[in-house]
Amino acid sequence: MSGEFRCGTVAIVGRPNVGKSTLLNHLVGQKVSITSSKAQTTRHRITGILSDDQTQFLFVDTPGLQKKHDNSLNRVLNRTVGQAMADADAIVFLLEAGQFSEADEVVLKQLPDPGKVVLAVSKCDKIKEKSRLMTFLSEVHGKAAFRAIVPVSVKQKQSLDELKKVIRLLLPVAPAVYGAEEFTDRSERFMAAEFIREKVFRQLGDELPYAVNVTIEKYEELGNLRRIFAAIVVEKSSQKAILIGEKGERLKRIGTDARKEMEETFGCKVYLELWVRIKKGWADDDALVRQYGYE
Ligand SMILES: Nc1nc2c(ncn2[C@@H]2O[C@H](COP(=O)(O)OP(=O)(O)OP(=O)(O)O)[C@@H](O)[C@H]2O)c(=O)[nH]1
Ligand SMILES: [Mg+2]
Numbered sequence: 196m197s198g199e200f201r202c203g204t205v206a207i208v209g210r211p212n213v214g215k216s217t218l219l220n221h222l223v224g225q226k227v228s229i230t231s232s233k234a235q236t237t238r239h240r241i242t243g244i245l246s247d248d249q250t251q252f253l254f255v256d257t258p259g260l261q262k263k264h265d266n267s268l269n270r271v272l273n274r275t276v277g278q279a280m281a282d283a284d285a286i287v288f289l290l291e292a293g294q295f296s297e298a299d300e301v302v303l304k305q306l307p308d309p310g311k312v313v314l315a316v317s318k319c320d321k322i323k324e325k326s327r328l329m330t331f332l333s334e335v336h337g338k339a340a341f342r343a344i345v346p347v348s349v350k351q352k353q354s355l356d357e358l359k360k361v362i363r364l365l366l367p368v369a370p371a372v373y374g375a376e377e378f379t380d381r382s383e384r385f386m387a388a389e390f391i392r393e394k395v396f397r398q399l400g401d402e403l404p405y406a407v408n409v410t411i412e413k414y415e416e417l418g419n420l421r422r423i424f425a426a427i428v429v430e431k432s433s434q435k436a437i438l439i440g441e442k443g444e445r446l447k448r449i450g451t452d453a454r455k456e457m458e459e460t461f462g463c464k465v466y467l468e469l470w471v472r473i474k475k476g477w478a479d480d481d482a483l484v485r486q487y488g489y490e
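In structure tokens form, the structure reads like this:
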């Protein structure tokens, strides 16, 4: 039986900042989805593909499910999570080691049939005493009839293999959907915008405007060169000033970091032109949220 090829979708869900995108990138072995220490980094359903001789895993990263801010953008993000769970063959419900809060409870309540849910516990490296981790695992184990519970840490490769093994058995016997070399369903153009947004998230402190967005205005492929023109969209002129920084230093650093990451991932030279634009209240404007590609 174990010799039969399996292929299916695996939604990774959990509250914001629990480590979903980091886990996805480590499972796939490639940077597919952006990560940061700020909550609500992920805003799209992004597939990361992992293929071996026996299985093709279609891991689906999702935005952190949350009820704190209620605007057009968040309603769309929460809907994305629900849809991803409904469509998935298996679900990884991610909790952070030692923490189970109301925000986690919100996700737990929305899980469909626990028989297709694997509970994974992230950031185990942050808990030094083994006994504390054990107590936490036995506490959360009883929350639902999960298929399995797997403590993981991106630093411990071993537990990722264990996680893949239990997920595999939840996937249907089916042929591969993607070629063996493919690692995401997303385009270079989409990833370029995401890489820029990641650098904004990582370089700004608490002053990070929640409603920051990146749009690619022009994307040209000229042999081994990409010419990319992108706008960072914020809501107020004060936010624009923060992003640009003194003498344009901050914007320059965001551009340099994003360009380097693109060159590494795309394997080509990149010319990147970046500027900042103000669009008042876009995150609570249904039409603009759609126009910016959130669905
Ligand atoms: N120490 C440690 N830190 C981790 C681990 N996994 C993730 N992190 C950190 O946790 C933070 C959040 O990670 P993300 O992967 O962006 O979290 P997320 O759940 O995708 O967050 P949203 O997209 O905002 O919902 C980042 O600073 C990661 O470096 C881990 O196994 N160990
Ligand atoms: Mg994420």
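Under the working numbering, the first residue of the sequence shown is numbered 196, with each subsequent residue one higher.
Beta carbons: idealized from backbone N, C-alpha and C, even for Gly.
Three-state secondary structure assigned by DSSP to residue i
i: Ile322; result: coil
i: Arg422; result: strand
i: Asp282; result: helix
i: Ser317; result: strand
i: Lys263; result: coil
i: Asn212; result: coil
i: Gln251; result: strand
i: Arg201; result: strand
i: Glu300; result: helix
i: Ile449; result: helix
i: Glu357; result: helix
i: Ile439; result: helix
i: Thr242; result: strand
i: Val372; result: coil
i: Asp380; result: coil
i: Glu468; result: strand
i: Leu332; result: helix
i: Ala343; result: strand
i: Phe295; result: coil
i: Glu416; result: strand
i: Ala387; result: helix
i: Thr460; result: helix
i: Leu289; result: strand
i: Val484; result: helix
i: Thr230; result: coil
i: Thr410; result: strand
Within-8 Å CB hit, residue i to chain C
i: Thr204; result: The chain inventory of the structure shown lacks chain C, comprising one protein chain alone.
For residue j and residue i, the rounded distance between their alpha carbons
i: Met196; j: Ala478; result: Note that Met196 has pLDDT 47, beneath the 50 cutoff, so the model's placement of it is unreliable and the number below is only indicative. Those two C-alpha atoms are separated by around 49 Å.
i: Arg238; j: Met329; result: 33 Å
i: Leu417; j: Gly443; result: 28 Å
i: Lys431; j: Gly476; result: 9 Å
i: Leu438; j: Ala339; result: 44 Å
i: Leu332; j: Phe295; result: 11 Å
i: Glu412; j: Glu383; result: 14 Å
i: Val271; j: Ala406; result: 14 Å
i: Glu199; j: Thr410; result: 43 Å
i: Val223; j: Gly203; result: 14 Å
i: Val484; j: Arg327; result: 43 Å
i: Ala206; j: Asp256; result: 6 Å
i: Ala283; j: Lys394; result: 30 Å
i: Ala234; j: Asn212; result: 5 Å
i: Asp265; j: Arg201; result: 39 Å
i: Val372; j: Gly488; result: 24 Å
i: Leu467; j: Ser231; result: 22 Å
i: Thr275; j: Phe288; result: 15 Å
i: Glu490; j: Ala482; result: 11 Å
i: Arg363; j: Lys323; result: 30 Å
i: Thr460; j: Arg445; result: 23 Å
i: Gln508; j: Arg210; result: Nothing about residue 508 can be read from this structure; the chain reaches only from 196 to 490.
i: Asp480; j: Gln486; result: 10 Å
i: Glu415; j: Val345; result: 44 Å
CB-CB length for residue i against residue j, believed under 8 Å
i: Glu377; j: Ile244; result: 5 Å
i: Met280; j: Pro258; result: Wrong, their Cβ atoms sit about 12 Å apart, outside the cutoff.
i: Val208; j: Ile286; result: 6 Å
i: Ser317; j: Leu218; result: 6 Å
i: Phe390; j: Ile241; result: No, Phe390 and Ile241 are not in contact; Cβ-Cβ is about 13 Å, not under 8 Å.
i: Leu366; j: Thr250; result: 7 Å
i: Ser216; j: Thr236; result: 7 Å
i: Ile473; j: Lys435; result: 6 Å
i: Phe252; j: Lys359; result: 7 Å
i: Val178; j: Leu290; result: There is simply no residue 178 to check, as the chain begins at 196 and stops at 490 in what is shown.
i: Cys491; j: Ala292; result: Outside the displayed span of the chain (196 to 490) sits residue 491, for which this structure offers no information.
i: Ala425; j: Ala369; result: Not a contact, Cβ separation roughly 38 Å.
i: Arg454; j: Val465; result: 5 Å
(request) State whether the region 311–319 contacts the region 340–347, with contact taken as three or more CB pairs (one from each stretch) at a distance under 8 Å. (result) yes
(request) Check whether the region 263–277 touches the region 392–400, counting contact only when three or more Cβ pairs, one atom from each stretch, lie closer than 8 Å. (result) no
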